[in-house]
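Residue numbers are given in numbering that gives the first Met the number 0: position 265 of the sequence shown equals residue 264, and the series is strictly consecutive.
A virtual CB, placed ideally from N, CA and C, is assigned to each residue, including glycine.
For clarity, every value in this text was computed on a predicted model and none was experimentally measured.
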Amino acid sequence: MKKTAIITLVFILFISTSLITGCKLFDSSSSSTGAVTPLSGDNDPNAKIRRGAGVFIIAPDSATILAQSGAILELSEYAEGISLELPVDNNREVVYSLIVNNEHTEAQSIRLFHETAASIKASIYEQHHAPLPSTDMTNTRWGNLEAKARVEENLRRQFRSQSQRSGAMGSLRAVPGHSNENLNDAVDIKIIADGTATTYNNITTKLRKISEHAKFFVDITCSGTYNITDDDLNHFADEFESFIYPLFSEHYSPVQGVSPVLDVDGDGKLSIVFSKEYSRLGFAGLFNPADFVSNGNNRDMIGVWAPGYSEKFHGEYWRAATRETIAHEMQHAANYSAKGFTTLEAEWLDESLSVGVEARYRKLRADAGKTTLSGYNETSQTDSVANDNRFGSWLESSNIGMESWAGAYNHYGQKGLFNYYLYEQFGSAFIKAMHNSTNLIGKQNINNLLTSQGDGRNFDQVVRDWKTAALNEVLVFRGLIQKSQITDPKHKYIETMFPAILNTSAAYKLTKDIDLGNGSADTYVNPGAAIFFKITQPAAYSGNNTFRVVSEGYALSLRMIRLTSN
0 MKKTAIITLV FILFISTSLI TGCKLFDSSS SSTGAVTPLS GDNDPNAKIR
50 RGAGVFIIAP DSATILAQSG AILELSEYAE GISLELPVDN NREVVYSLIV
100 NNEHTEAQSI RLFHETAASI KASIYEQHHA PLPSTDMTNT RWGNLEAKAR
150 VEENLRRQFR SQSQRSGAMG SLRAVPGHSN ENLNDAVDIK IIADGTATTY
200 NNITTKLRKI SEHAKFFVDI TCSGTYNITD DDLNHFADEF ESFIYPLFSE
250 HYSPVQGVSP VLDVDGDGKL SIVFSKEYSR LGFAGLFNPA DFVSNGNNRD
300 MIGVWAPGYS EKFHGEYWRA ATRETIAHEM QHAANYSAKG FTTLEAEWLD
350 ESLSVGVEAR YRKLRADAGK TTLSGYNETS QTDSVANDNR FGSWLESSNI
400 GMESWAGAYN HYGQKGLFNY YLYEQFGSAF IKAMHNSTNL IGKQNINNLL
450 TSQGDGRNFD QVVRDWKTAA LNEVLVFRGL IQKSQITDPK HKYIETMFPA
500 ILNTSAAYKL TKDIDLGNGS ADTYVNPGAA IFFKITQPAA YSGNNTFRVV
550 SEGYALSLRM IRLTSN
């Protein structure tokens, strides 16, 4: 026996068009579409609608659409008020997920509550921009990411500004002397001295390891807690030659036909410099474009930390973070090289590519049966794409837009998750073309590739589908759905992206959980971001099954999914 509940979704917003689409979350082949007439003659998509008109329209076929297991109801981009008919079984719990996307460039307040709650009132939030998450960076696996991001942005600005002045940065020219460097040579190298990225220290390093495609230099002051053993260097050389370099050489275009990173010093090898100075600054690694030029180090190089950033950063825990850092920083160096040092990729996408290549590196290690320590509880396990606690950090604090960048843990996690989704959806050639783009950056870079190599979706549509895929990954480890149910490839990952251990903590559930008749939520959604809800009609509930979502501001889009089987 079924009854129909009226769910009123109230938006105080205006957008020029309206679209309500019904389809199966698990099957993209069937859909029905109904058009909704705009309620205002004002066609300015940035205009706010006057609050309190109290006019609602009925979404056609919503009860029919959401009666099916896995059904998805999509409301896109216009309504002053929408009423939805939601079928709910008597004496049976029915669960839905709801994704609320903010399509505008300003943050908006969102209020979701049951109709029997307090009367609708304006809930105006003074804060229109999200605060940065107050993450304790002391023991995070990749060090102080926020401080590192500030330094990287300073380096980017300096390089851009100075390179525009003729000769200010010196020249990109080969120095044949680097080809003559030998094992155990003492080599002086300049590295940044502080978080401003404006002063440098000269350090003396020892060339302690040479592999086919890399040189490993170690700061001679790395002793005691900062000590790096020959076994450590052998490990990194093996990882670099077995996994990291092949990943780049096979899937990223060589610069001048030689290497994914411009071989500016003519030695055919990437210089990897270990120093306790990076540990002191809290940086797991750093790529500085100024290292390439003649009045810098004139060396294609990346810097990485020594052990000792904190008590836990020794042995395999330090090794795991450091080998992934080498892959991460090599992507930055390769990206700059591919763009000819003239076009700088949007920082959010550059970091997305770097975290994405880390995930692909872990997949190669997993396929080879390599072990590592869990980023969540430090137990030994086979490596995996999911072994990145920055991914979990995004679950804890997901209210960030895709094109935003703050250098915080959750930003790295979100961008990495999205990049791996792009890799699974469109393949390695797509990522390679994105990496090698020399004239378009950021969203325009991706949109251009979607036009030529995509499946008909644009950037915004792909981001919405990624949010659904990410939510589904969470619902899987929470036991609310089975991955085998999801047959629409746009709404799922192939790889497992979150380890099962996350289900032991409510911090990683992603959704705000609301029971009809017993709960409400007052929150905000940032530009380009989404808020995720899990809405439950309890089996024993017999009251009014109406709830409202009230927004203030501009465009929102909704995606509501029935999770409970018929």
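Is residue i helix, strand or coil by DSSP?
{"i": "Glu105", "result": "coil"}
{"i": "Asn565", "result": "coil"}
{"i": "Val217", "result": "strand"}
{"i": "Ser556", "result": "strand"}
{"i": "Pro537", "result": "coil"}
{"i": "Tyr523", "result": "strand"}
{"i": "Leu72", "result": "strand"}
{"i": "Ile440", "result": "coil"}
{"i": "Asn418", "result": "helix"}
{"i": "Ile56", "result": "At Ile56, the pLDDT of 48 sits below 50, so the modelled position is not reliable; the number obtained from the coordinates is stated separately. Strand."}
{"i": "Lys489", "result": "helix"}
{"i": "Leu182", "result": "coil"}
{"i": "Thr137", "result": "Confidence in Thr137 is poor, its pLDDT being 37 and thus under 50, which makes the residue's placement unreliable; the coordinate value appears in the next sentence. If DSSP states are grouped into helix, strand and coil, Thr137 belongs with coil."}
{"i": "His127", "result": "Residue confidence is low: His127 scores 27 on pLDDT, short of 50, so the model does not pin down where it sits. No coordinate-derived value is stated."}
{"i": "Ile500", "result": "helix"}
{"i": "Ala505", "result": "helix"}
{"i": "Asn447", "result": "helix"}
{"i": "Ser222", "result": "coil"}
Considering only residues of the same chain and omitting the five flanking positions on each side of residue i, which have a CB-CB separation below 6 Å?
{"i": "Val473", "result": "Leu509"}
{"i": "Leu285", "result": "Gly302"}
{"i": "Asn435", "result": "Ser252, Ala337"}
{"i": "Thr563", "result": "Val93, Val94"}
{"i": "Arg164", "result": "Note on Arg164: pLDDT 42, under 50, position unreliable in the model; the coordinate value appears next. Contacts found: none."}
{"i": "Ser278", "result": "Trp304, Ala305, Gly307, Tyr308"}
{"i": "Lys482", "result": "Val475"}
{"i": "Leu363", "result": "Phe242"}
{"i": "Asp266", "result": "His177, Ser178"}
For residue i, collect the residues of the same chain with a Cβ closer than 7 Å to its Cβ; drop the 5 residues on either side in sequence, then sort them by chain order.
{"i": "Ser28", "result": "With a pLDDT of 36 at Ser28, under the threshold of 50, the modelled position of that residue is not reliable, and the figure given next carries that caveat. None."}
{"i": "Tyr420", "result": "Trp465, Ala468, Tyr492"}
{"i": "Leu439", "result": "Asn447"}
{"i": "Asp514", "result": "Thr535, Pro537"}
{"i": "Arg361", "result": "Asp382, Ser383, Val384, Asn386"}
{"i": "Glu377", "result": "Tyr316"}
{"i": "Phe425", "result": "Gln452, Gly453"}
If I follow the unbroken alpha helix (DSSP H) through residue i, where does it start and stop?
{"i": "Thr321", "result": "314–337"}
{"i": "Lys466", "result": "458–476"}
{"i": "Ala613", "result": "The structure shown does not extend to residue 613, since the chain is modelled only from 0 through 565, so no value can be given for it."}
{"i": "Ile430", "result": "427–435"}
{"i": "Asp230", "result": "229–238"}
What's the call for residue i, buried or exposed, on a 16-neighbour Cβ count within 10 Å?
{"i": "Leu74", "result": "buried"}
{"i": "Val257", "result": "exposed"}
{"i": "Asp43", "result": "Because Asp43 carries a pLDDT of 37, less than 50, the predicted location of this residue cannot be relied on, and no value is offered for it."}
{"i": "Asp231", "result": "buried"}
{"i": "Ser133", "result": "Reliability of the predicted coordinates at Ser133 is poor, the pLDDT of 33 falling under 50, and the value obtained from them is presented with this limitation in mind. It is exposed - the Cβ of Ser133 has fewer than 16 other Cβ atoms within 10 Å."}
{"i": "Leu570", "result": "No information on residue 570 is available, as it lies outside the stretch 0 to 565 that the chain covers here."}
{"i": "Leu416", "result": "buried"}
{"i": "Asn418", "result": "buried"}
{"i": "Ser427", "result": "exposed"}
{"i": "Ser248", "result": "exposed"}
{"i": "Asn457", "result": "exposed"}
{"i": "Ile219", "result": "exposed"}
{"i": "Ser351", "result": "buried"}
{"i": "Ala505", "result": "exposed"}
{"i": "Ala326", "result": "buried"}
{"i": "Asn568", "result": "No information on residue 568 is available, as it lies outside the stretch 0 to 565 that the chain covers here."}
Can you give me the start and stop residues for the beta strand (DSSP E) that residue i sits inside?
{"i": "Tyr199", "result": "199–209"}
{"i": "Ile480", "result": "Premise fails: Ile480 is in no beta strand (DSSP E) and is neither H nor E."}
{"i": "Ile513", "result": "511–514"}
Within the present structure, is the beta-carbon of residue i separated from the nearest heavy atom of the ligand HEM by less than 7 Å?
{"i": "Glu105", "result": "The ligand HEM is absent from the structure shown, which contains no ligand whatsoever."}
Could you pull out every residue in the same chain whose Cβ sits closer than 8 Å to the Cβ of residue i, ignoring the five residues on either side in sequence?
{"i": "Cys221", "result": "Ile227, Phe273, Ser274, Lys275, Ala305"}
{"i": "Leu246", "result": "Ala326, Val356, Arg359, Tyr360, Leu363"}
For a minimum of 4 consecutive residues, which ranges assigned as the alpha helix (DSSP H) are wholly contained in the region 334–415?
346–366, 388–395
Next item on the list: Run through the region 247–324 for me and flag every whole beta strand (DSSP E) of 3 or more residues, listed as ranges in chain order.
Entry: 269–274, 300–304
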